[in-house]
Amino acid sequence: MTGLMALAGFTAITLLLPLIYAGYRVPLVLSGKKAADHWTRGRPEDDPGLIIRLKHAHLNCIENLVPFAAVVLLAVALDQRAVIDALAPWVLYARLVQIAVHSVGTSFPLVLARATMFIAQVLLMLYMLFNII
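Under full-length UniProt numbering, the first residue of the sequence shown carries the number 1, and numbering increases by one thereafter.
See the structure below:
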């Protein structure tokens, strides 16, 4: 897998995750069980825990997609693909593990595992960045 393929995978996950919680919410709105603005920011969330955790996983993806894309695209622009081709897939793998762990629950061991995967992604991105500039 190349760095650009890893970026495409990360982007795909970021785009697919909201379909899960939208898939839960849209029928509630269409059936009249919830108002369309029920999920407005600042309101308490009453969705099932899994839906809330997947929404948070999506928000985490959005936060990290930008720096990951910047590093990968900078490497491509500077013709430094070897660095990202070797490591960018591991950022994607760590992200997938983080999402899986995030969806399971919020116990201390799970939060620790999630944080470990997040730190791994950040360190990999920093390593790639400093090796391409």
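Virtual Cβ for every residue (Gly too), placed ideally from N, Cα, C.
Since the structure is predicted, the reported quantities are computational estimates derived from the model, not experimental observations.
Is the beta carbon of Met117 sitting closer than 8 Å to the one on Ala94? yes
If I'm right that Cys61 touches Leu17 with Cβ under 8 Å, what's the distance once you round it to whole angstroms? 6 Å
Pairing CB atoms from the segment 1-10 with CB atoms from the segment 29-44, are three or more of them under 8 Å? no
Which class does Thr11 belong to by DSSP, given the choice of helix, strand or coil? helix
As assigned by DSSP and simplified to three states, the class of Ala36: coil
How about Arg114: is its C-beta nearer than 8 Å to some C-beta of chain B? Reference to chain B is not applicable here, since this structure consists of a single protein chain.
Of all the beta strand (DSSP E) runs that stay within the bounds of the segment 19-100, which reach a length of 3 or more residues? none
Test item: CB-CB of Arg53 and Trp39 under 8 Å: no
Thinking just about the alpha-carbon of each residue, which of Arg41, Glu63, Ala120 and Gly3 is nearest to the one in Leu15? Glu63
Please name the residue in Val72, Ala22, Gly23 and Gly49 whose C-alpha comes closest to that of Thr11. Val72
How would you call Phe68, buried or exposed, if buried means at least 16 neighbouring beta carbons within 10 angstroms? buried
If you run the structure through DSSP and keep just helix, strand and coil, what is Ile133? coil
Between Arg114, Ala120 and Phe130, which lies nearest to Ala57 when the distance is taken from Cα to Cα? Arg114
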